[in-house]
Amino acid sequence: MQIRDWLPLLGMPIMLLSVQVIAVILVLPMQAAGLVAFEDPESVANPLIFIGMLLAFTLVLLFLIRVGGRRFIAAFIGFAIFMTFLYIFGALSTLALGTTDLAVVGTLIGAGAATALLYLYPEWYVIDILGVLMSAGVASIFGISLAVLPVLVLLVLLAVYDAISVYRTKHMITLAEGVLETKAPIMVMVPKRMDYSFRREGLNMGEGEERGAFVMGMGDLIMPSILVASSHVFVDAPAVLWVLSAPTLGAMAGSLAGLAALLYVVNKGKPQAGLPPLNGGAILGFLVGAALAGSLAWCPFCM
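Using the numbering used here, read the sequence shown as starting at -2 and increasing by one per residue.
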């Protein structure tokens, strides 16, 4: 590999690490704002509910792609992005200004401006910055909503589902291509060239030319980061670095190792399921960190 091939790959680990650090920072304001997705974070039924909602959402998107409803897909994704920013800016505004009318105004302005910027000026660096913020917000919400054991179950199920949907049924590839055709800003990217512009070129270049940027879906940033946020909230272990305990650091290091393995394979040019190495690395890293810290109270089989 030449320098131009591997240097841009450093951007993906930086973004994953940024998502995880910001998710940890957002934990306290999210908790203060009461933004939890599930009432009982310990319930192992929560991952099944999550998977059920994901499957239903996937079926609807595949149906819309088949019948040519890409405008509905774009509108729905835009609404979902706006709502995500509402949660994020709502938590930050409440933390800074309390439950005041000014906080409500700040939330609406922040969410509206961020969403408008994504769609009015969708350059790669705008998408990356706001995509990292969105991914961190979602990871933080589910991290405070799911205890460690349900998160582990969720990550295993999602890794299996991702592998089946990419390598066997291949419907995830169809879904990704259909959604990307709407130019919805639901991915992050690292340019391979200094003059690359997502606004001008999009993701696909001319016939026989390589894609101008490395691309990764935001889901690949979010899912392993949920374990990072959850371990920070629910695992009782002393801080080792900053506010991060050994289990949390292990999950972060493991997900980065999984990402390195994923990028090595992706650089050969074939579509790959991202969650098996990312989730698998995060889980293994977390388990090693938990064992080193002696923090196994979350494990019903280790007592």
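For every residue, glycine included, the Cβ atom is placed at its ideal position computed from N, Cα and C.
- Task: Sort 214, 45, 284 and 223 by Cα distance to residue 260 and report the nearest one.
- Result: Here residue 260 corresponds to residue number 263 of the sequence shown, with the count starting at 1. Ranking 214, 45, 284 and 223 by Cα distance to residue 260 puts 214 first.
- When you compare only the Cα positions, how much space is there between residue 113 and residue 299? The residue you call residue 113 lines up with position 116 of the sequence shown. The residue you call residue 299 lines up with position 302 of the sequence shown. Roughly 49 Å between the two C-alpha positions.
- Can the beta-carbon of residue 141 be found less than 8 Å from the beta-carbon of residue 224? Taking the first residue of the sequence shown as position 1, residue 141 is located at position 144. Taking the first residue of the sequence shown as position 1, residue 224 is located at position 227. No, Cβ-Cβ distance for residue 141 and residue 224 is not below 8 Å.
- Does the Cβ-Cβ distance between residue 152 and residue 220 come in under 8 Å? Along the sequence shown, read from residue 1 onward, the residue named residue 152 stands at position 155. Along the sequence shown, read from residue 1 onward, the residue named residue 220 stands at position 223. Yes, they are a contact pair.
- Query: So the beta strand (DSSP E) residue 211 belongs to, where does it begin and stop?
  - Reply: Residue mapping note: residue 211 aligns to position 214 of the sequence shown, counting from 1. Looking at the DSSP string, the run of the beta strand (DSSP E) that includes residue 211 is 210 to 214.
- Residues in its own chain within less than 7 Å of residue 123 by CB, not counting five upstream and five downstream? The residue you call residue 123 lines up with position 126 of the sequence shown. The answer, listed in chain order, is 114 and 115.
- Query: Got a sec, what are the start and stop residues for the beta strand (DSSP E) residue 144 sits in?
  - Reply: Sequence index remark: in the sequence shown, residue 144 carries index 147 (1-based). Note, residue 144: premise wrong, no beta strand (DSSP E); not H, not E.
- From this set, 39, 133, 106 and 53, which residue's C-alpha is nearest residue 21's C-alpha? Against the sequence shown, residue 21 aligns to sequence position 24. Cα-wise, what sits closest to residue 21 is 133.
- Three-way DSSP call (helix, strand, coil) for residue 38 in this model: Here residue 38 refers to the residue found at position 41 of the sequence shown. Here residue 38 sits in coil by DSSP.
- Item | Supposed close pair residue 138, residue 34 - CB separation, criterion 8 Å | One-based indexing of the sequence shown puts residue 138 at position 141. One-based indexing of the sequence shown puts residue 34 at position 37. At roughly 6 Å, the Cβ-Cβ gap stays under 8 Å, so residue 138 and residue 34 are in contact.
- Cα separation between residue 24 and residue 15? Your numbering for residue 24 matches position 27 in the sequence shown. Your numbering for residue 15 matches position 18 in the sequence shown. In a straight line, the C-alpha of residue 24 is about 14 Å away from that of residue 15.
- Task: Pull up the distance between the alpha-carbon of residue 161 and that of residue 269, whole angstroms please.
- Result: Here residue 161 refers to the residue found at position 164 of the sequence shown. Here residue 269 refers to the residue found at position 272 of the sequence shown. Cα to Cα, the separation comes out at about 11 Å.
- Query: So, do the region 48 to 64 and the region 171 to 178 have three or more beta carbon pairs nearer to each other than 8 Å?
  - Reply: yes
- Item | Between the CA atoms of residue 48 and residue 71 - distance to the nearest angstrom | Locating residue 71 in the sequence shown gives position 74, counting from the first residue. Locating residue 48 in the sequence shown gives position 51, counting from the first residue. Annotation: residue 71 to residue 48 spans about 22 Å, alpha carbon to alpha carbon.
- Item | Secondary structure of residue 301, DSSP reduced to three states | The chain is shown from -2 up to 300; residue 301 falls before or after that span and cannot be answered.
- In angstroms, rounded to a whole number, what distance separates the CA positions of residue 163 and residue 274? The residue given as residue 163 occupies position 166 in the sequence shown. The residue given as residue 274 occupies position 277 in the sequence shown. Using only the alpha carbons, I get a separation of about 14 Å.
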